[in-house]
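Engineer: Questions regarding the structure given below will be posed in turn.
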Amino acid sequence: MIQITYYFDTSLGRRLAAGQGISVITTSESIAKIASRNVFKNSVITENGPILPESPVPYHVAEFPGKGFGLVATRSLRDGELVMSRTPAVIVNAKAVSELRRDHLADLLRNGVESLSSEHKSQYLNLSTHDEAATYEEKIYKIFRTNSFRTGTHDGESDFHSTFTEVSRLNHDCRPNCAYYFDHTTFAHKVIAVRDIAPGEELTISYYESPSSTKFEEATALESGLGLRMLM
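Residue 231 in this note's numbering sits at position 223 of the sequence shown; the count goes up by one each step and never skips.
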């Protein structure tokens, strides 16, 4: 049976998410394995590495006509520079996504989002649902489905899908100027510039880097709908 365990207002939330919280949807056996990882025991590890939480981030949110919101560089970024390093707001066992009824998963997601800090919750709720949502629970569910990334086997067995309030703002491009990966050492999604980026330039990634995520499906649908073949 899938059940939810929260890591808000605990040592995990304080160390890895600046007190904003991380909500986990998985089994009790799985959460015990996740909690035993060194990253959750080491108080000197933070989620941001060279970019400290209090430091100004090198980007801001902007709206693009016909494309929604995205991130724009506020200063020059060098090839190889760390753009952001963020822990997830919500992580969900892939088995929960495939095996639970939609309404059950939506209810778990609602409880998880409600347990986040008010700021983190607000950031999550401002993410795209891709289309209209009739209820609050449906909105939270669609945000997760639209913005989740595959982030690996945090418990050593099951795959997980994770939603990030800032990483999920990055739009897809056939020739992106950034790349990303999930760093299990810090439990953070890291975004790196793959070429020099000028101030005012949109920051982009390739959703093809995460072929099992909803982001990949979105990129594939875009390619098919436009009749284009993305040259990687």
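Note that the Cβ used here is the ideal one computed from N, Cα and C, for glycine as well.
Would you check if the segment 205-213 and the segment 181-192 touch, i.e. whether three or more CB-CB distances between them fall below 8 angstroms?
Structural biologist: Flag = yes, the segment 181-192 and the segment 205-213 touch.
Engineer: From 203, 48, 86, 129, pick the residue whose C-alpha is nearest to that of residue 196; which is it?
Structural biologist: Checking every option, the nearest Cα to that of residue 196 belongs to 48.
Engineer: Please determine, among 90, 146, 94, 176, the residue with the shortest C-alpha to C-alpha distance to residue 204.
Structural biologist: Residue 204 has its Cα closest to that of 90, out of 90, 146, 94, 176.
Engineer: Count the other CB atoms within 10 Å of the CB of residue 291; is the residue buried (16 or more) or exposed (fewer)?
Structural biologist: Nothing about residue 291 can be read from this structure; the chain reaches only from 9 to 240.
Engineer: Considering Cα atoms alone, identify which of 175, 207, 202, 181 is closest to residue 93.
Structural biologist: Comparing Cα positions, the closest option is 175.
Engineer: Just the Cα atoms here: how many angstroms apart are residue 158 and residue 102?
Structural biologist: Approximately 9 angstroms between the Cα atoms of the pair.
Engineer: At the level of alpha carbons, what is the spacing between residue 106 and residue 73?
Structural biologist: So the two alpha carbons sit approximately 34 angstroms from each other.
Engineer: Who are the near neighbours of residue 132 in its chain, counting only those whose CB is closer than 6 angstroms to its CB and skipping five residues on each side?
Structural biologist: Here the set comprises 97, 121, 173.
Engineer: Starting from residue 133 and walking both ways along the alpha helix (DSSP H), at which residues does that stretch end?
Structural biologist: Residues 126-133.
Engineer: Are the CB atoms of residue 166 and residue 156 nearer to each other than 8 angstroms?
Structural biologist: Not in contact: residue 166 and residue 156 (Cβ atoms no closer than 8 angstroms).
Engineer: Cα separation between residue 44 and residue 208?
Structural biologist: Rounded to the nearest angstrom, the two C-alpha atoms are 42 angstroms apart.
Engineer: Quick check on this structure: which residue in 100, 83, 46, 116 has the alpha carbon closest to the alpha carbon of residue 206?
Structural biologist: For residue 206, the nearest C-alpha among the options comes from 83.
Engineer: Taking the alpha-carbon of residue 75 as reference, which of 114, 179, 143 has the nearest alpha-carbon?
Structural biologist: Nearest option by C-alpha distance: 179.
Engineer: Taking 8 angstroms as the cut-off, decide whether the C-beta atoms of residue 118 and residue 140 are in contact.
Structural biologist: For residue 118 and residue 140, no; Cβs fall outside 8 angstroms.
Engineer: For residue 130, count neighbouring Cβ atoms within 10 angstroms of its own Cβ and tell me buried if that reaches 16, exposed if not.
Structural biologist: Flag for residue 130 reads exposed.
Engineer: If you run the structure through DSSP and keep just helix, strand and coil, what is residue 28?
Structural biologist: It is coil, neither helix nor strand.
Engineer: In or out: residue 177 buried (at least 16 other Cβ within 10 Å) or exposed?
Structural biologist: Buried, because 16 or more other Cβ atoms sit within 10 Å of the Cβ of residue 177.
Engineer: Tell me whether residue 69 is buried or exposed, calling it buried when 16 or more other Cβ atoms sit within 10 Å of its Cβ.
Structural biologist: Burial call: exposed.
Engineer: Checking 8 angstroms against the spacing of the C-beta atoms, do residue 142 and residue 34 come in under that value?
Structural biologist: Taking 8 angstroms as the Cβ cut-off, residue 142 and residue 34 do not qualify as a contacting pair.
Engineer: Within a Cβ cutoff of 6 angstroms, which residues of the same chain sit near residue 199, ignoring the five residues on either side of it in sequence?
Structural biologist: If we look at residue 199 and ignore the five residues flanking it on each side, its Cβ neighbours are 91, 92, 186, 188.
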